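Here the structure is laid out as structure tokens; the discussion comes afterwards.
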Amino acid sequence: RKEVLNLSFNLVSYIFIIQGGSFAQGAKLGAPQAIQSADRWHLGKNLLDALEQVFLNRRELLKQTQQLIAQSEENTLRALPVTVGITLGSKQDCNSEKRQAHYVEMYQRIQGLHSKKVDIANIARQVGSSRRTVYRYLHMKSPPEPAVIQHIEPKAVEPYVPYLLQRWNEGCRNAEQMLRELKEMGYSPSRSSVGRFITRLRHDSGKARSFKSEKTETIYQQSVQKHRPLSPLQVARLFLSKVEKRKEWEKQYLEKLCAIDSEVAQTYEQVQEFMVMLRQLEGNGLGEWLKKVKVLGVKELQAFAKGLEKDYEAVKTGLSLKWNNGGSEGQINRLKLLKRQTYGQAGFELMRRRVLHREVKVERKQRKKKKAVTEKAA
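For what it's worth, my numbering labels the leading residue of the sequence shown as 2, then goes sequentially.
Next comes the structure, spelled out in structure tokens:
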């Protein structure tokens with residue numbers, strides 16, 4: 002067994018490191034000839050976690066940014082009402098309040114125990130949470146705020162929104178009439194989707210239900226929509242997103258946010274530099290980036306940089322070589338999904354059949370597509 006183990010290690014060329022420290026040391030001892038490379042997806046995930054912590058400690062800044070955006074829109078036409086975050090029922094509201102009270106109580110207990118010099122493991126045990134949660138609550142300057150519960154509105158109504166807004170601005174307040182008009186135009190919209198959208202317009206604009214048309218009045222812009230205040234995690238994701246994929250309102254949000262706080266603006270530039278290294282495989286700039294963050298970075302980003310320094314060579318290799326662990330991570334994720342679909346009850350044989358069945362379906366689809374292309378060319 003030892004010979005087989007040694008043989009398998011000798012055949013290893015690349016080792017992708019997800020956690021450094023003892024894992025990296027063990028890999029180095031077992032396969033000294035292998036090139037150690039940090040997994041790029043996990044580098045991005047660690048940066049996301051650091052950024053979330055940055056904005057968890059700057060909640061007031063996020064509120065201020067939202068207020069500035071709202072003030073800048075006051076002189077324009079009314080934007081579309083929010084299409085997510087539908088008001089919850091009283092029972093759900095009650096449950097939400099209970100959860101919030103529990104989080105506030107847990108925050109106070111964690112802070113109290115920490116002030117008494119209780120170690121992290123014991124705090125986690127006493128409050129019944131993970132150590133990671135304890136660390137997160139200790140970094141917070143105030144108790145966690147209530148989460149905005151977002152129910153994603155079905156997109157069935159989206160194709161008809163321009164027409165519905167046009168008719169609303171023309172004075173029509175009757176959802177049934179608009180529905181009939183859409184059907185006469187050859188469309189088949191969902192009655193409930195149109196009804197919910199018109200109800201939202203009524204609540205937002207203060208216009209009552211009416212069978213009579215009112216005078217024409219341009220109330221809503223057809224291209225602008227209100228947006229919920231972004232959470233710290235959403236802002237962190239926005240920092241890591243590609244510039245060309247951002248929506249116009251997201252660009253404006255980032256501009257306002259960076260204009261208010263110079264530290265955040267500097268953090269944004271440093272994050273963009275790191276993401277360029279990550280996406281374009283420019284690992285040679287890592288050393289310079291770490292020096293810059295050490296001097297100018299916020300403390301959360303400095304902690305992230307300190308972690309990278311511990312496995313500097315592996316991180317630099319991960320940011321330089323084209324090889325990555327993305328394919329394997331995707332397959333692992335697929336296996337987990339298949340396992341969850343059977344509520345964790347599937348044995349090895351059933352899992353094997355499901356995986357192979359999927360592969361056969363993909364191959365069959367590819368052959369069919371190739372055949373269609375060949376026939377079209379002929």
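From the three backbone atoms N, C-alpha and C, an ideal C-beta is built for every residue, glycine too.
Given the structure is predicted, the values throughout are model-derived calculations rather than measurements.
Run through DSSP, which three-state label would residue i get?
{"i": "A315", "result": "helix"}
{"i": "Q37", "result": "strand"}
{"i": "E177", "result": "helix"}
{"i": "E53", "result": "helix"}
{"i": "M1", "result": "In the structure displayed, the chain extends from 2 to 379; residue 1 sits before or after that span and is not available."}
{"i": "E289", "result": "helix"}
{"i": "Y188", "result": "coil"}
{"i": "D262", "result": "coil"}
{"i": "K118", "result": "coil"}
{"i": "V299", "result": "coil"}
{"i": "W324", "result": "coil"}
{"i": "K377", "result": "helix"}
{"i": "M278", "result": "helix"}
{"i": "N58", "result": "coil"}
{"i": "Q346", "result": "coil"}
{"i": "S1", "result": "A query on residue 1 cannot be resolved here, the shown segment of the chain reaching from 2 to 379 and no further."}
{"i": "R247", "result": "coil"}
{"i": "G172", "result": "coil"}
{"i": "K142", "result": "coil"}
Using beta-carbon positions only, say whether residue i and residue j come within less than 9 Å of one another.
{"i": "K290", "j": "A306", "result": "It should be noted that the sequence gives Trp, not Lys, for residue 290. Yes, they are a contact pair."}
{"i": "L287", "j": "K317", "result": "yes"}
{"i": "R197", "j": "L180", "result": "no"}
{"i": "G284", "j": "M278", "result": "yes"}
{"i": "Y104", "j": "P144", "result": "yes"}
{"i": "T343", "j": "L336", "result": "no"}
{"i": "L234", "j": "L63", "result": "no"}
{"i": "G130", "j": "V158", "result": "Checking the displayed sequence, the identity of residue 130 turns out to be Ser instead of Gly. Against a cut-off of 9 Å, the Cβ pair of V158 and S130 comes out as no contact."}
{"i": "Q271", "j": "K243", "result": "no"}
{"i": "R168", "j": "E185", "result": "no"}
Between which residues of its own chain and residue i is the CB-CB distance below 7 Å, once the five residues before and five after are set aside?
{"i": "L309", "result": "L291, V316"}
{"i": "E301", "result": "A51, Q54, V55"}
{"i": "R341", "result": "none"}
{"i": "P155", "result": "Because P155 sits at a pLDDT of 49, beneath the cut-off of 50, its placement in the model cannot be relied upon, and the following sentence gives the value as read from the coordinates. Closer than 7 Å at Cβ, skipping near neighbours: S194."}
Among the residues of its own chain, which have a CB less than 8 Å from the CB of residue i, if the five just before and after it don't count?
{"i": "L139", "result": "I111, Q112, H115"}
{"i": "L239", "result": "L231, R247, E251, Y254, L255"}
{"i": "L282", "result": "L320, S321, L322, K323"}
{"i": "E264", "result": "V299"}
{"i": "L297", "result": "Q267, Q271"}
{"i": "E330", "result": "D40, W42"}
Pull up the distance between the alpha-carbon of residue i and that of residue j, whole angstroms please.
{"i": "H43", "j": "L322", "result": "15 Å"}
{"i": "D312", "j": "Y161", "result": "54 Å"}
{"i": "T268", "j": "V299", "result": "7 Å"}
{"i": "E1", "j": "Q303", "result": "Nothing in the structure corresponds to residue 1, since the chain is present only between 2 and 379."}
{"i": "K246", "j": "N123", "result": "44 Å"}
{"i": "Q332", "j": "N175", "result": "51 Å"}
{"i": "E177", "j": "T200", "result": "12 Å"}
{"i": "R126", "j": "A102", "result": "20 Å"}
{"i": "K46", "j": "R132", "result": "19 Å"}
{"i": "V361", "j": "L339", "result": "16 Å"}
{"i": "V236", "j": "A373", "result": "45 Å"}
{"i": "Q68", "j": "I261", "result": "12 Å"}
{"i": "E106", "j": "K99", "result": "11 Å"}
{"i": "R359", "j": "T375", "result": "24 Å"}
{"i": "G328", "j": "C173", "result": "53 Å"}
{"i": "G345", "j": "A378", "result": "47 Å"}
{"i": "A347", "j": "R355", "result": "10 Å"}
{"i": "P190", "j": "Y164", "result": "12 Å"}
{"i": "K371", "j": "P33", "result": "45 Å"}
{"i": "F349", "j": "L357", "result": "12 Å"}
My guess is that residue i and residue j are in contact by the Cβ rule of under 8 Å, so how many angstroms apart are they, rounded?
{"i": "L258", "j": "T66", "result": "5 Å"}
{"i": "K118", "j": "N58", "result": "No, K118 and N58 are not in contact; Cβ-Cβ is about 23 Å, not under 8 Å."}
{"i": "E146", "j": "R203", "result": "That pair is no contact at about 29 Å."}
{"i": "Q37", "j": "E364", "result": "Not confirmed; about 35 Å, so no contact."}
{"i": "I121", "j": "Y136", "result": "7 Å"}
Leaving out five residues on either side along the sequence, give the residues of the same chain with a beta carbon under 6 Å from the beta carbon of residue i.
{"i": "G319", "result": "S38, A39, R41"}
{"i": "K369", "result": "none"}
{"i": "Q367", "result": "none"}
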